[in-house]
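Residue numbers (the working numbering), protein chains in the order written: chain F, 150 to 294; chain W, 18 to 484; chain G, 1452 to 1648. Glycine included, each C-beta is placed from N, C-alpha and C at the ideal position. Please read these numbers as outputs of a predicted model, since none were measured by experiment. Heads up, the thing below is written out as structure tokens.
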Amino acid sequence: MRETFTKGMARNIYYGGSVFFFLVFIGLTVDTVKSLPKTDNRENLTAEVIAGKRLWEHNNCIGCHTLLGEGAYFAPELGNVYTRFGESTEAIKAFIMSRPVEGIPGRRSMPQFNFTDQELEELAQFLKYSDGIKVARDWPPNIQG
Amino acid sequence: MKYKSQSIAMLYFIAAIGLFVGQILFGVILGLQYVIGDFLFPEIPFNVARMVHTNLLIVWLLFGFMGAAYFLVPEESERELYAPWLAKLMFWIFLVAGALTILGYLMVPYATLAEITMNDLLPTMGREFLEQPTITKVGIVIVALAFIFNIGMTILTGRKTVISLVLLTGIVGLAVFFLFSFYNPHNLVLDKYFWWFVVHLWVEGVWELIMASLLAYVLIKVTGVDREVIEKWLYIIIAMALISGIIGTGHHFFWIGAPDYWQWLGSVFSALEPIPFFMMTLFAFNVVSKRRRDHPNKAATLWALGTAVMAFLGAGVWGFLHTLAPVNFYTHGTQITAAHGHMAFYGAYVMVVLTIISYSMPLMRGQQAANARAQLFEMWAFWLMTIAMVFITLFLTGAGILQVYLQRYSDAPMTFMATQEKIQIFYWLREGAGVIFLIGLIIYLISFFVKGEEVKMVERHAAEAAS
Amino acid sequence: MTQATITKSDTDLPKLLPGDFAIWFFIFAELLVFAIAFIAYAVARQQNLAMFNHYQLTLNRELGAANTLLLITASYFAVRAIQAIHQDEIKSCSRWLYASLACGAGFLLLKSFEYYDKFAAGINLGSNTFYMFYLSLTLFHFLHVILGMIILFAITIKAQRGGYSAENHTGIETGASYWHMVDLVWIILFPLVYIMH
Chain F
150 MRETFTKGMA RNIYYGGSVF FFLVFIGLTV DTVKSLPKTD NRENLTAEVI
200 AGKRLWEHNN CIGCHTLLGE GAYFAPELGN VYTRFGESTE AIKAFIMSRP
250 VEGIPGRRSM PQFNFTDQEL EELAQFLKYS DGIKVARDWP PNIQG
Chain W
18 MKYKSQSIAM LYFIAAIGLF VGQILFGVIL GLQYVIGDFL FPEIPFNVAR
68 MVHTNLLIVW LLFGFMGAAY FLVPEESERE LYAPWLAKLM FWIFLVAGAL
118 TILGYLMVPY ATLAEITMND LLPTMGREFL EQPTITKVGI VIVALAFIFN
168 IGMTILTGRK TVISLVLLTG IVGLAVFFLF SFYNPHNLVL DKYFWWFVVH
218 LWVEGVWELI MASLLAYVLI KVTGVDREVI EKWLYIIIAM ALISGIIGTG
268 HHFFWIGAPD YWQWLGSVFS ALEPIPFFMM TLFAFNVVSK RRRDHPNKAA
318 TLWALGTAVM AFLGAGVWGF LHTLAPVNFY THGTQITAAH GHMAFYGAYV
368 MVVLTIISYS MPLMRGQQAA NARAQLFEMW AFWLMTIAMV FITLFLTGAG
418 ILQVYLQRYS DAPMTFMATQ EKIQIFYWLR EGAGVIFLIG LIIYLISFFV
468 KGEEVKMVER HAAEAAS
Chain G
1452 MTQATITKSD TDLPKLLPGD FAIWFFIFAE LLVFAIAFIA YAVARQQNLA
1502 MFNHYQLTLN RELGAANTLL LITASYFAVR AIQAIHQDEI KSCSRWLYAS
1552 LACGAGFLLL KSFEYYDKFA AGINLGSNTF YMFYLSLTLF HFLHVILGMI
1602 ILFAITIKAQ RGGYSAENHT GIETGASYWH MVDLVWIILF PLVYIMH
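Here it is in structure tokens:
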């Protein structure tokens, strides 16, 4: 059988197969990007939300939390925190604001970021927008995230 | 070692091992923060330690890949490296940029780092694994381009082998997909979708090409098996890796707001992702059993076989465990993911870099293989680190299963923090395994300095090899 | 081992699979993908039986049946091409290959009509689970027909130039094996998605 298992054919399958599936992947990506407006909550992408996303990034929130299940697994999921906090941006702001500077002895502690009122509002709006994204099967399975 | 310029790899490997040590130290800190929540708080909060842990991993693996390329490409191409000075220059640029970035993480708050590196000009920071300041990302691109140029010119003006060409496609793919890290749209769904173009298409795509070619190279060297045979298996394995892995990206699109069809596509294709890893395991054991010589570097052979097995377990089995959409619905973003991540990265990428280091370091130090005692130390390190990693994975899996049940599946779901309290015991056990891993790593470091009698190559008689 | 001994021992072995062994990895991987996808379809159908049955009736069975005939004929022509090359009839071999390609092209044409019809009616991957399966399965197969034809075309060109002979025809068998796989998948896909009620 060895004579009919040739390197040339193996090579062709490698190149041909990868190109084929990569093209399929590009096609699917185009379709996905086209159909995102139905689910991605872009109508609520306000200037505040955009500023909130920047704050989210500049404070490396993903380093402890997950957002839609992606990130670190050290602190609670925030993709549904708006719902979990009773659909209240005020509750989210109050939580972030009230973190003690020196942490809570012996427990996992969220840093005190000293945000301004404006920044707190932006972050809360970003989390509200994230909660509004229509995710398949309404993931996470329940309100606890 | 046939060519002088191959020895540049030594620089890269030393840096890689040094950063590896840093990564593990921070891993141990993180493990402790999981059980003693305010450990080092607020000086080194969890997010900073984690960023250092993951970024060091990425950087040292890149050092390892580059060192490996600088070592094997001249030999495969049968010529000196195109521009050794460029390789040296890039080494220092990359090392300084990497060190400054890590120091930046540790010295100033992340928001300050974003400010002083002018992230607002081209915001790319603050996304998992892509936390590096934009200027560092630009640096990575420059280093990668110079590296590709150097390696590419060496390959294209010398003998072209399958191994070096596959390695080159892997490296080019690595650079190309990294460019998606500069795309950071305001739209969170789009952001996440294309973020995976870097993360998934690296570790479940082009990095597999690099890994497979490095493994094939070492297997040719330590077993003396016909290159022709190894090369066609290499092609088939990486073909399967890409055929399953490219659309397999879909397993990350289940719960981020992408269309529903990804649940089917992602499940079907990623269910096939273990196949190339399984083939790699069969292939590695097959080649070693058909070896034509008994290479004195037993440790390198052990690492090579270990890579194949652990990559299959970590990336293949533990990946499959939670890749199907109905399962992933419950496990997504829990400790199950962490378990898979640890074993997959160790099995596939850490181990393949340690394999090539194990094979090439003695050659660069003027021996065929390290002395018998040094190899004994190295093999102890292999078993300690590997078994420790298996236990880290098992404990995290236990933690994950319990977490899924308590927080997501039971009739009275508990809060995240309450659940974490309940699974503390697993985190303590994991930390214990992590310390064993660190001990293994220390023994690994010692193995480079152990003295003893030199060992020599034994060529097998052709007839004996065939039997 | 020398080259001579390798060749000898190999010819002594009975051949399990026609064509290049490498293609069989690809064929098995592809069959596995389709098999899992078919199982997924069956599961989803069980969960939404009424909906699947309802929308199935909107599919064009006549075109589907015609396409089945076209692909089977295409496969048959490929077999004739292999028989021809066994007899060293190079001209006739490439003629059969062209005939096979023509059938493939006919399949693509009919299928394009079908898609045009569906897309004009505003149906897309997101319409419902049935259409999601119908479109993704048939489109994925459609792409395989195109890939099969590209492979077949490359072989045809080589055959025309006298690249194959009665002794050396592994290439044709390799391409034909893949082509048969494409046919086989359709033979399962057609009753499953179009007919089974």
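DSSP places F/G165 in the helix class (H, G or I) of the three-state scheme.
Taking 8 angstroms as the cut-off, the beta carbon of W/F454 is found closer than this to the beta carbon of W/M402. Taking 7 angstroms as the Cβ-Cβ cut-off, the region 1561-1588 of chain G approaches chain W at L1576, G1577, M1583 and S1587, given in chain order.
Taking a Cβ-Cβ threshold of 8 angstroms, none of the residues of chain F is close to W/K19; the smallest such distance is about 24 angstroms.
For W/A416, same chain residues with a beta-carbon under 7 angstroms away, outside a window of 5 residues either side, are Q352, I440, F443 and Y444 in chain order. Near chain G, meaning a CB-to-CB distance below 8 angstroms, the residues of the region 256-290 of chain W are A256, M257, I260, S261, P276, D277, Y278, W281, L282, S284, V285, F286, A288 and L289.
Straight-line measurement puts the Cα of W/A114 at about 24 angstroms from the Cα of W/Q23.
The Cβ atoms of W/T240 and W/V305 lie closer than 8 angstroms to each other.
Chain-order list of chain F residues neighbouring G/L1594: F169, L172, V173 and G176, by C-beta distance under 9 angstroms.
In the structure shown, the three-state DSSP call for F/G220 is strand. When the five nearest sequence neighbours on each side are left out, the beta carbons in the same chain lying within less than 8 angstroms of the beta carbon of G/T1607 are those of S1545, L1548, Y1549 and L1552, in order along the chain. Of the residues W/Q50, W/D277 and W/P313, the one whose Cα lies closest to the Cα of W/S375 is W/P313.
With a 10 Å radius around the Cβ and a threshold of 16 neighbouring Cβ atoms, G/H1648 comes out exposed. Residue environment: G/Q1497 is assigned as exposed (fewer than 16 neighbouring CB atoms within 10 Å of its CB, all protein chains considered).
Around the CB of G/A1501, fewer than 16 other CB atoms lie within 10 Å, so the residue is classed as exposed. If you draw a straight line from the Cα of W/L231 to the Cα of W/W400, it comes to about 21 angstroms. Contact of G/F1476 with chain W by beta-carbon distance below 8 angstroms involves I253, A256 and M257. Between G/F1477 and F/I162, the CB-CB gap stays under 8 angstroms. Under the three-state reduction of DSSP, W/R310 is assigned to strand. With fewer than 16 other Cβ atoms inside 10 Å of its own Cβ, W/L173 counts as exposed. Sequence-ordered contacts of the region 52-80 of chain W with chain F read I53, G54, D55, F58, P59, P62, F63, N64, V65, R67 and M68 [C-beta pairs closer than 8 angstroms].
One alpha carbon belongs to G/Q1507, the other to G/F1564, and they sit about 17 angstroms apart. Between W/V206 and F/L177, the gap from beta carbon to beta carbon reaches 8 angstroms or more. Pairing G/H1631 with F/R160, the inter-Cα distance amounts to about 21 angstroms. Using a 10 angstroms sphere on the CB of F/R257, the tally of other CB atoms reaches 16 or more, which defines it as buried. Shown here for W/L185: same chain residues with a beta carbon closer than 7 angstroms to its own, the five before and five after excluded, namely I168, G169 and I172 in chain order. Interface residue (Cβ-Cβ distance to chain W less than 8 angstroms): F/L276 is not classified as such.
Any Cβ of chain W closer than 8 angstroms to the Cβ of F/A159 would place that residue at the interface, and such an atom is present. Shown here, W/T351 sits in coil according to DSSP, grouped into three states, outside any helix or strand. Contiguous alpha helix (DSSP H) elements confined to the region 1462-1502 of chain G occur at 1472-1498, taking only those with 4 or more residues.
Around the beta carbon of W/W224, 16 or more other beta carbons lie within 10 angstroms, which makes this residue buried. Counting the other Cβ atoms within 10 Å of the Cβ of F/P249 gives fewer than 16, which makes it exposed. DSSP, reduced to helix, strand and coil, places W/E476 within a strand of the structure shown. The beta carbon of F/K242 sits no closer than 8 angstroms to any beta carbon of chain W.
With contacts defined by Cβ atoms closer than 8 angstroms, W/G262 and W/G323 do not form a contacting pair. With respect to F/K283, W/G274 sits close: the two C-beta atoms are nearer than 8 angstroms.
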